[in-house]
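Please read the structure below before turning to the comments.
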Amino acid sequence: MGIDNIWVFAQTAEGAPTSGTLELLTKARSLGGTVSAFLVGDAGDAAPVLGDHGAATVYATGDLGGKLPGVAVAGAMNAVIDGAGPPDLILFPQNYEGRDTMARLSVKLDRTVLTNSTEIGVDGDTVTVQTPIFGGTKLVTSSFTGERPFLASFRPKSFVAEGGAGAAGELVAAPVPDLGAAGGATVVEVHVEEHSGPKLDEADIVVAGGRGLGDAEKYSMIEDLAKALKGAPGASRAIVDAGWVPYSYQVGQTGKVVKPTVYIAAGISGATQHMVGMKGSKNIIAVNKDKEAPIFGVADLGIVGDVHKVLPQLLEALQNRS
Amino acid sequence: MNVIVCVKQIPDPALPGELDPSDNTLKREGKLILDESDSYGVEMALQLVTAAGDGEVSLVSMAPNEEVSGLRTALAMGAARAVLVSDPTLAGADALTTAKVLAAATKKLDGADLIIAGTESSDGYTGTVPEQIAEVLGLPSVTFAKTVAVEDGVLKVDRQSEDGYDEVTCSLPAVVSVTAGVVEPRYPSFKGIMAAKSKPVENVTASDLGIEAASWAQQIVSVEDAPAREAGKVIEDDGEAFGEIVEFLDGLKVI
Ligand SMILES: Cc1cc2nc3c(=O)[nH]c(=O)nc-3n(C[C@H](O)[C@H](O)[C@H](O)COP(=O)(O)OP(=O)(O)OC[C@H]3O[C@@H](n4cnc5c(N)ncnc54)[C@H](O)[C@@H]3O)c2cc1C
Ligand SMILES: Nc1ncnc2c1ncn2[C@@H]1O[C@H](COP(=O)(O)O)[C@@H](O)[C@H]1O
Chain U
19 MGIDNIWVFA
29 QTAEGAPTSG
39 TLELLTKARS
49 LGGTVSAFLV
59 GDAGDAAPVL
69 GDHGAATVYA
79 TGDLGGKLPG
89 VAVAGAMNAV
99 IDGAGPPDLI
109 LFPQNYEGRD
119 TMARLSVKLD
129 RTVLTNSTEI
139 GVDGDTVTVQ
149 TPIFGGTKLV
159 TSSFTGERPF
169 LASFRPKSFV
179 AEGGAGAAGE
189 LVAAPVPDLG
199 AAGGATVVEV
209 HVEEHSGPKL
219 DEADIVVAGG
229 RGLGDAEKYS
239 MIEDLAKALK
249 GAPGASRAIV
259 DAGWVPYSYQ
269 VGQTGKVVKP
279 TVYIAAGISG
289 ATQHMVGMKG
299 SKNIIAVNKD
309 KEAPIFGVAD
319 LGIVGDVHKV
329 LPQLLEALQN
339 RS
Chain P
70 MNVIVCVKQI
80 PDPALPGELD
90 PSDNTLKREG
100 KLILDESDSY
110 GVEMALQLVT
120 AAGDGEVSLV
130 SMAPNEEVSG
140 LRTALAMGAA
150 RAVLVSDPTL
160 AGADALTTAK
170 VLAAATKKLD
180 GADLIIAGTE
190 SSDGYTGTVP
200 EQIAEVLGLP
210 SVTFAKTVAV
220 EDGVLKVDRQ
230 SEDGYDEVTC
240 SLPAVVSVTA
250 GVVEPRYPSF
260 KGIMAAKSKP
270 VENVTASDLG
280 IEAASWAQQI
290 VSVEDAPARE
300 AGKVIEDDGE
310 AFGEIVEFLD
320 GLKVI
């Protein structure tokens, strides 16, 4: 049988496929077989890029009419499976919409899910995934033992996106069927935060602050430093929960995964759930007043000191250089 | 308004996690506590019931060895009763099986307007269980809720998005998963702790819920140590340590 037919849950942002989508397509293509993208919303101009990353077919749900993606896309996927038969494997991103869609589909098809993985391998008919646990100190390898399709979700940045597959994917409409009572939720208004500078998960330099900053106003030190370094500001969950900064700043298990050239952690202890989001950074600098803080265990340069002293000095030194 | 909250009881996250060498699943035999991720759901439910002026908060949980410590905490916060599913055949259950079990457990309670869960558990963090429960029960769902209100029988949720939030309305009954920080969980009062001791906890097994011979289509093949990241240089700030950072950044040619 082999793994001949793979679907990838695909999303666009401002009309272009998201980086997470292209990462998964690239990985799917390396596993062999035929790859299809299953796109949330209208395909617009996305088909050539999706095709170039490996999608021979692009199923597009079209506008969701305010329905939440999880229930809607799972319904659309299930309808295609009812008609054309199931793929062998479906790859989802470990983000809100990927996770909700996979959850709904797993019940419809009565299939298990493997989540939070960072690697996948295919050997004949066997599909295994690797998942970091205990803050990434151990790697668990698991395999699917049941019927196909196998459903798996992957952390962002697990794979590197690469084009070069060639032709634009062939567009196929995959409309959302009637959802009945399960479709009872409707988006009535969308609020998008303004932001300037590079995006957190794409920036080359990330400066992140935590509870050690002391209070919300002090977060401006992080923003100023990020600006001086042409990087993006980030945060631990502690200060997101405390309402100092919006959720979109959060780095970690439930936030963004970042792999910049430099990650500066200021007043962050280094909880396992934070580390899984930044341990892949090429260089890590930590400033913390507690020399036992776990963050020092992964830092290339650790400063045992007070953020209120070190950060202003650093900012001044950087500004004097330019 | 009646609300059911799914609460997971987990090993204390402050203690290092351990795997059972026989099957590589997380060890859960010791004392279990209420998952902090679910304390937000309990608080949210209590606030919604208070705002509605009538109704009760009930709990469902699946845990080994009829473990009730975590449930007692949630009962002490103010929940009225709990259904606890405890069954050796469910040890190591996958998310789908867990969702089927919890969905069936909600039927032991007579009807709810709303089912609340956490966005992800602290020890399992699949984050799929709430949405799977909704699908098993054929209900609508709103995940990643950062505010929740019920107005004129309609659920209103601000749903966290990648770059802001969406205002969502939803018919009831429904399933909602709430993010950490949605509300500030109350500490149980002494009176609450005393009252919790006599609140009803109904113990059920899988077969009581009509779930026979549960199995799940995944297995752990191996567990290995991940390559560790080497710690680098750590220095005490003597007032000049910022210079080391500048030098480090300079060496990387990023400034
Ligand atoms: C299911 C789940 C998911 C989670 N997901 C995430 C996630 O995605 N991202 C995340 O970040 N967390 C996450 N967490 C939370 C995580 O466990 C920690 O609680 C959180 O990361 C702690 O944030 P912090 O380091 O800012 O705060 P703390 O742990 O309180 O650390 C503050 C640090 O600042 C230092 N400090 C204090 N004052 C100063 C000073 N003047 N100068 C220098 N240093 C100082 C202290 O020594 C301390 O090390 C999650 C938790 C759970 C249960
Ligand atoms: N064994 C369980 N008992 C009760 N609730 C659970 C259990 N497992 C998961 N949940 C609920 O589902 C949420 C998400 O869990 P998970 O999908 O494991 O990340 C949790 O915050 C709980 O509300």
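Protein chains in written order, with the working numbering: chain U, 19 to 340; chain P, 70 to 324. For every residue, glycine included, the Cβ atom is placed at its ideal position computed from N, Cα and C.
What residue does the alpha helix (DSSP H) around I314 (chain P) start on, and which one ends it? Mapped onto the second sequence, residue 314 (chain P) falls at position 245. In the DSSP annotation of this structure, the continuous segment of the alpha helix (DSSP H) that includes I314 (chain P) starts and ends at A310 to G320.
If you measure between the beta carbons of A283 (chain U) and A226 (chain U), is that distance less than 8 Å? Here residue 283 (chain U) refers to the residue found at position 265 of the first sequence. Here residue 226 (chain U) refers to the residue found at position 208 of the first sequence. The answer is yes: Cβ separation under 8 Å.
Cut-off 6 Å between Cβ atoms - residues of its own chain near Q271 (chain U), not counting five sequence neighbours on either side: The sequence position of residue 271 (chain U) within the first sequence is 253, counting from 1. Answer for Q271 (chain U): Q291 and V294, listed in chain order.
Heavy atom of ligand 2 within 7 Å of K77 (chain P) beta-carbon: On the second sequence, position 8 is the one that residue 77 (chain P) refers to. Yes; taking the cut-off as 7 Å, the Cβ of K77 (chain P) has a heavy atom of ligand 2 nearer than that.
Expressed to the nearest angstrom, what Euclidean distance is found between the alpha-carbon atoms of A348 (chain U) and A97 (chain U)? What the structure shows of chain U is the stretch from 19 to 340, and residue 348 (chain U) is not part of that stretch, so it cannot be assessed.
Let me make sure I understand the geometry here. Which of P:D179, P:P242, P:E271 and P:A265 has the alpha-carbon closest to that of L208 (chain P)? For the purposes of this step, residue 208 (chain P) is taken as the residue at position 139 of the second sequence. Closest option to L208 (chain P), Cα to Cα, is P:P242.
Using DSSP with H/G/I as helix, E/B as strand and the rest coil, what is I303 (chain U)? The sequence position of residue 303 (chain U) within the first sequence is 285, counting from 1. I303 (chain U) sits in a strand when the DSSP states are folded into three classes.
Counterpart residues of Y234 (chain P) in DSSP-defined beta bridges: Residue numbering aside, residue 234 (chain P) sits at position 165 when the second sequence is read from its first letter. U:H209 and P:Q229, per the DSSP bridge assignment.
Residues of chain U with a CB under 8 Å from the CB of F213 (chain P): which are they? Taking the second sequence and counting its residues from 1, the one referred to as residue 213 (chain P) is at position 144. Among the residues of chain U, those whose CB is under 8 Å from the CB of F213 (chain P) are Y114, following chain order.
Cβ-Cβ separation, A173 (chain P) to I394 (chain P) (assumed contact under 8 Å), whole Å: Outside the shown range of chain P (70 to 324) lies residue 394 (chain P), about which nothing can therefore be said.
I need the straight-line Cα distance from S230 (chain P) to Y114 (chain U), nearest angstrom please. Taking the first residue of the second sequence as position 1, residue 230 (chain P) is located at position 161. Taking the first residue of the first sequence as position 1, residue 114 (chain U) is located at position 96. The alpha-carbon atoms of S230 (chain P) and Y114 (chain U) are separated by roughly 8 Å.
With a cut-off of 5 Å, give the chain-ordered residues whose Cβ is closer than this to any heavy atom of ligand 1. Listed by chain position, these are U:G228, U:R229, U:G230, U:S254, U:R255, U:A256, U:G270, U:Q271, U:T272, U:G273, U:G285, U:I286, U:S287, U:A289, U:Q291, U:H292, U:N306, U:K307, U:D308, U:A311, U:D324, U:V325 and P:S191.
DSSP puts L224 (chain P) in a beta bridge; with which residues? What you label residue 224 (chain P) is simply residue 155 of the second sequence in a count that begins at 1. Paired residues: P:V219 and P:C239.
Would a check of beta-carbon distances place N134 (chain U) closer than 8 Å to chain P? Here residue 134 (chain U) is taken as the residue at index 116 of the first sequence, counted from 1. Interface criterion met: the Cβ of N134 (chain U) is under 8 Å from a Cβ in chain P.
Assigned secondary structure, T131 (chain P) (DSSP; H/G/I helix, E/B strand, else coil): For this step, residue 131 (chain P) is matched to residue 62 along the second sequence. According to the sequence displayed, residue 131 (chain P) carries Met and not Thr. Of the three classes helix, strand and coil, the one that applies to M131 (chain P) here is strand, per DSSP.
Can you find a CB in chain P that lies within less than 8 Å of the CB of N90 (chain U)? Counting from one through the first sequence, the residue named residue 90 (chain U) turns up at place 72. Residue identity differs from the one stated: residue 90 (chain U) is Ala in this sequence, not Asn. Not one chain P Cβ lies under 8 Å of A90 (chain U).
So with Cβ pairs under 8 Å, would you call Q268 (chain U) a contact of chain P? Counting from 1 along the first sequence, the entry for residue 268 (chain U) is found at position 250. No, because no Cβ of chain P sits closer than 8 Å to the Cβ of Q268 (chain U).
For chain U, check one thing: does any of its Cβ atoms lie closer than 8 Å to the Cβ of I289 (chain P)? One-based indexing of the second sequence puts residue 289 (chain P) at position 220. So yes, I289 (chain P) belongs to the interface.
Would you mind working out which of U:S160, U:V258, U:G320 and U:A191 sits nearest D92 (chain P), comparing C-alpha positions? For the purposes of this step, residue 92 (chain P) is taken as the residue at position 23 of the second sequence. Taking the Cα of D92 (chain P) as reference, the smallest distance to any Cα among U:S160, U:V258, U:G320 and U:A191 is reached at U:S160.
Would you mind reading off the limits of the alpha helix (DSSP H) that contains S48 (chain U)? Here residue 48 (chain U) refers to the residue found at position 30 when the first sequence is read from its first residue. Start and end: S37 to S48.
Buried versus exposed, by CB contacts within 10 Å (16 or more), Q287 (chain P): In the second sequence, residue 287 (chain P) corresponds to position 218, counting from 1. Its Cβ being crowded by 16 or more others within 10 Å, Q287 (chain P) is buried.
Just to confirm the assignment, what range does the alpha helix (DSSP H) spanning V325 (chain U) have? Stepping through the first sequence from its first residue, residue 325 (chain U) is reached at position 307. According to the DSSP assignment, V325 (chain U) belongs to the alpha helix (DSSP H) that extends over V325 to R339.
Between the C-alpha atoms of L109 (chain U) and S171 (chain U), what's the straight-line distance to the nearest angstrom? As a working note, residue 109 (chain U) is residue 91 in the first sequence. As a working note, residue 171 (chain U) is residue 153 in the first sequence. Rounded to the nearest whole angstrom, the C-alpha separation of L109 (chain U) and S171 (chain U) is 6 Å.
contact_flag[the region 239-251 of chain U, the region 298-308 of chain U] where n(CB pairs < 8 Å) is 3 or more: The way I'd put it, the region 239-251 of chain U doesn't touch the region 298-308 of chain U; fewer than three beta-carbon pairs between them come closer than 8 Å.
Quick check on DSSP: helix, strand or coil for Q268 (chain U)? Numbered from its first residue, the first sequence carries residue 268 (chain U) at position 250. When secondary structure is reduced to three states using DSSP, Q268 (chain U) falls in the strand class.
CB contact below 8 Å: Y256 (chain P) versus chain U: Here residue 256 (chain P) refers to the residue found at position 187 when the second sequence is read from its first residue. No, Y256 (chain P) does not count as interfacial toward chain U.
Beta carbon proximity, D306 (chain P) to chain U, threshold 8 Å: Taking the second sequence and counting its residues from 1, the one referred to as residue 306 (chain P) is at position 237. For D306 (chain P), the answer is yes, since a Cβ of chain U falls inside 8 Å of its Cβ.
Proximal residues, the region 241-265 of chain P versus chain U, C-beta separation under 7 Å: Residues of the region 241-265 of chain P with a C-beta less than 7 Å from any C-beta of chain U: A243, A249 and G250, listed in chain order.
Partners in chain P for I321 (chain U), counting only beta-carbon separations shorter than 9 Å: Sequence index remark: in the first sequence, residue 321 (chain U) carries index 303 (1-based). Those within 9 Å of I321 (chain U) in chain P are V303, I304, E305, D306, A310, F311, E313 and I314.
Which same chain residues, not among the five before or five after T346 (chain U), have their C-beta less than 6 Å away from its C-beta? In this structure chain U extends from 19 to 340, so residue 346 (chain U) is not present and cannot be described.
How about T167 (chain P): is its Cβ closer than 7 Å to a heavy atom in ligand 2? Numbered from its first residue, the second sequence carries residue 167 (chain P) at position 98. Proximity of the beta carbon of T167 (chain P) to ligand 2 is indicated: a heavy atom of the ligand is located closer than 7 Å.
Within chain P, partners of D150 (chain U) - CB distance below 8 Å: As a working mapping, residue 150 (chain U) is identified with position 132 in the first sequence. According to the sequence as given, residue 150 (chain U) is Pro; it is not Asp. Those are A295, listed as they occur along chain P.
Can you check whether the C-beta of D235 (chain P) is within less than 8 Å of a C-beta belonging to chain U? Here residue 235 (chain P) corresponds to residue number 166 of the second sequence, with the count starting at 1. Taking 8 Å as the CB threshold, D235 (chain P) lines the interface with chain U.
Just list the residues that DSSP pairs E293 (chain P) with in beta bridges. Here residue 293 (chain P) refers to the residue found at position 224 of the second sequence. According to DSSP, which records beta bridges pairwise, E293 (chain P) is partnered with U:L157.
Run through DSSP, which three-state label would K274 (chain U) get? Taking the first residue of the first sequence as 1, we reach residue 274 (chain U) at position 256. Strand.
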